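Written out below as structure tokens is the structure these notes cover.
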Amino acid sequence: MPARQPASPLERLARLDGTKVFLATLVVALVGLFLPGPVGAVVLLVLVVALGALLRLTWPVTPSRMRLIRLATLAALVGLAITKLL
């Protein structure tokens with residue numbers, strides 16, 4: 012029997028429950044919002060980088076309307092992070 016190759020990170024992510032992933036992302040965003048000053052901003056920016064990387068990988072298969080929503084969400088998170096830094 013041929014050995015099965017380990018699943019890529021995207022394949023593993025695709026198998027996760029969407030609700031749990033959304034809730035985990037929401038928790039990280041709320042933690043970033045409630046942590047004070049630069050610490051919260053760093054958490055939000057790390058989240059933006061992670062979501063941006065995921066968006067880049069899924070861009071070809073994402074419908075146009077959903078792309079706009081995702082970009083707006085990332086922009087809002089960046090805006091909130093910058094506000095926390097000031």
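Per this note's numbering, the very first residue in the sequence shown carries number 12; after that it's consecutive. Positions of the beta carbon are idealized from the N, C-alpha and C atoms, including for glycine. These numbers come from a predicted model, not from an experiment.
Under the three-pair Cβ rule at 8 Å, the region 46-64 counts as touching the region 86-93.
Across the set 84, 68, 37, the C-alpha of 68 shows the shortest separation from the C-alpha of residue 20. Closest in C-alpha terms to residue 79, from the list 93, 63, 41, comes 63. The beta carbon of residue 52 is closer than 7 Å to those of 92, 95, 96 in its chain, skipping five residues each way along the sequence. Around the beta carbon of residue 48, fewer than 16 other beta carbons sit within 10 angstroms, so the residue counts as exposed.
Under the three-state reduction of DSSP, residue 71 is assigned to helix. Sixteen is the threshold: since fewer than 16 other Cβ atoms of the shown chains lie within 10 Å of the Cβ of residue 29, the residue is exposed.
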